[in-house]
Structures are given as structure tokens and as C-alpha cells.
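Letter by letter, the sequence shown follows residues 0 to 267 in numbering that gives the first Met the number 0. Here the structure comes first, spelled out in C-alpha cells, and everything after it is commentary.
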Amino acid sequence: MSILGYVKYWDDESEEFIFKWHMNLKDKKILITGASKGIGRATAIAFAKEGCSVAINFKSDAKAAKEVLDECNQYSKGNVLLRANVSDEKEVSEMCKKVKREFSHLDILINNAGIFDENDNPTNVQAFENVFRNNFLSAVMVTKHSLPLMQEGKIVNISSIHGRLGHGRPTAAAYSAFKAALENWTKNLAKDLAPKILVNAIAPGRVATSMWGNPNTKEQKELGQVHLIKRMIQSEEIANAIVFLAKNDAVCGEVLTIDGGMSLVTLG
Ligand SMILES: NC(=O)c1ccc[n+]([C@@H]2O[C@H](COP(=O)([O-])OP(=O)(O)OC[C@H]3O[C@@H](n4cnc5c(N)ncnc54)[C@H](OP(=O)(O)O)[C@@H]3O)[C@@H](O)[C@H]2O)c1
């Protein structure tokens, strides 16, 4: 039963009805990897608007990250910047120690950081290793070091439609393979951590970010032709869905496709 964002359900463990405000994220503590730009940036701002304290991770662009921090500070308190390369476990461990010092615990983790390797092809071993570390192992390592800080809450992994469809394209062979791995891992993690922590993923189509070279309006129109919506997806549209998953207490182990209808186009 749910009235005005209030959810009531029977809990076997405590043998009583639980009443929960499932719509309220105010004062929740959230870590977002790769939040200096693109989807991570929009997500940081969206959660700050909900009243969360946001830990904004970035790797190299300190200026962009500071701008995200300044914008988040307009909406909520306790936001922090955390520089760390999430493909390096030592740096991940240090980052999570800082999260503990700043927040004492975590409610929400968004594994968003990711790269596209220009040398990606079906047999480029170096590209496979690079993409594996940055797009898959990074999420495993950040989760490993964040879980001791999480009693309950939500984890959202940012996958891709190329992992979803299972075929991607030859110039994104490693990228597609490890996004598919991320989806599979999402489901196993969901089984392992429910009911205390709910784990889900989002599989976006083409989102207008620096991953596509920050396309201008004309380029966005062209790149968006692969979608039924005939435009690129905006980072804020992915961020809204991440907020939805953070608020919802019934979605578990799901991969939410937000691809503007791209996967239907190929089906004719
Ligand atoms: N754009 C799309 O069309 C699209 C589609 C499907 C899925 N995705 C996925 O969505 C996620 C975000 O993509 P985006 O398009 O927003 O990318 P983006 O605009 O290129 O931003 C990438 C962010 O990740 C950070 N980052 C990269 N490697 C990192 C590392 N090793 N450690 C810490 N931070 C790191 C970057 O930090 P610095 O800039 O500070 O180095 C930046 O903040 C990725 O997982 C991507 O695969 C994107």
C-alpha cells in the first residue's frame, strides 16, 4: 500500500508492519563515481536537489568537478569532492576512507565512471584490459570498499544499451563485453545484497556528453537518428531515472533501458 509516498508492508523479521517514507532522500549520503561531467554531473546535481549530501568523485578534471560542487552547494549541505582513479584499488580504498570520515556511512552508491577506448576492437588485448579496469573492475572495487559503510540503501550501476543488446559494434567490442558483464554482475549483486541493499542498473542509448565530444545541436540531431525519438538523450534524463531507482523500494536486480527506442529500431 502506498499513500502520498508512504509505503506500508509486513516485515517477517520484526513481525510488524513497516511504515516508510520511500520518496524522501533528504540528508541521504551518496557517492557518485565520475561526477565531474556528463551523466555523473547531472546525477550529482539531481541528488543535491533532493537534499542529499553528495560525494563527487572525479579523476582528472578538477575544474569541472569544482563547478559541480558549487552547483550542488546551492541545493544541499555536506557535499565533498573526492579525486580518485577508480581503476586503482589503492585509490578506491583511500576514497572510501574519506567518505567514511566525511559521512560516517553511505546510503546510495552510483557506479557511473567509465571510458570509451578509441583503440577498442574485437582483438585489441590492451584495450580490453583498459576497458575492463575502467568500466567493470572499477565498479566491483568501489562497491567492495563502499559496502562496509552501507547498512541499507541502493546501488545503481551505469551500463549501456550495447551491453543490453549483446552485440554492440566492432569498434566497441570491449566496451560492449564489459557492460554486459556489468549487467550480469548487477543481478548477482542484487541477489547477494537484498533485501537490505537494492541493486539495479541503467542501460542508456546515446547520451550527449563528452564521451561523444560534447556534440553541438546539429551533431546531436545526426547522432540521435539511431533513436526512435530522433535526438540524443540528455544527461538529466538518465539522472531522473537514477533518482527514481534510489527512491523505489521494489525494483531489484533490474536493468532499466533508456535508449530513446534505439533497440526497437533494429527490430524493424
Ligand atoms: N554518453 C553515452 O552515450 C553513454 C551511453 C551509455 C552508457 N554510458 C555510460 O555512462 C557513464 C558516464 O558516461 P558519460 O557519457 O557521462 O561520460 P563522460 O562525459 O566522458 O564523463 C566521464 C566521467 O567519468 C570520470 N572517469 C573516467 N574514468 C575514471 C576513473 N578511472 N576514475 C574516476 N573517474 C573516472 C571522468 O572524470 P574526469 O573527467 O575528471 O577524468 C568523468 O567525470 C559511463 O559508464 C558510460 O559508459 C554513456
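Yeah, the Cβ is synthetic: ideal placement off N, Cα and C, and Gly gets one too.
Item, Value
"Identify whether residue 74 lies in helix, strand or coil by the three-state DSSP scheme.", "coil"
"Which partner residues of residue 56 appear in the DSSP bridge assignment?", "81"
"For residue 255 and residue 52, I'd like the C-alpha separation in whole angstroms.", "25 angstroms"
"In three-state terms, what does DSSP make of residue 196?", "strand"
"Measure the CB-CB distance between residue 47 and residue 66 and report whether it falls below 9 angstroms.", "no"
"Let me make sure I understand the geometry here. Which of 117, 82 and 154 has the alpha-carbon closest to that of residue 210?", "117"
"So for residue 29, helix, strand or coil by DSSP?", "strand"
"Is it buried or exposed for residue 203, if we count other Cβ within 10 angstroms and need 16 for buried?", "buried"
"Report buried or exposed for residue 37, applying the criterion of at least 16 other Cβ atoms within 10 angstroms of its Cβ.", "buried"
"With a threshold of 8 angstroms, are at least 3 pairs of Cβ atoms found where one atom belongs to the stretch 105-117 and the other to the stretch 22-41?", "yes"
"Flag this pair as touching only if the stretch 241-257 and the stretch 183-200 have three or more C-beta atom pairs under 8 angstroms; answer yes or no.", "yes"
"Does residue 173 come within less than 9 angstroms of chain B when only Cβ atoms are used?", "The structure shown has no chain B; it contains just one protein chain."
"Is it right to say residue 100 is buried, meaning 16 or more other beta carbons lie within 10 angstroms of its own, or is it exposed?", "exposed"
"Please return the same chain residues whose Cβ sits closer than 7 angstroms to the Cβ of residue 84, not counting the five positions on each side in sequence.", "58 and 90"
"Determine the burial state of residue 11: buried for a count of at least 16 other Cβ atoms within 10 Å of its Cβ, exposed for fewer.", "exposed"
"For the beta strand (DSSP E) that residue 257 lies in, which residues bound it at each end?", "254-257"
"Would you decide whether residue 124 is buried or exposed? Buried here means 16 or more other CB atoms lie within 10 Å of its CB.", "exposed"
"Quick check on the DSSP output: what are the complete alpha helix (DSSP H) runs of length 4 or more inside the stretch 106-136, in order along the chain?", "124-130"
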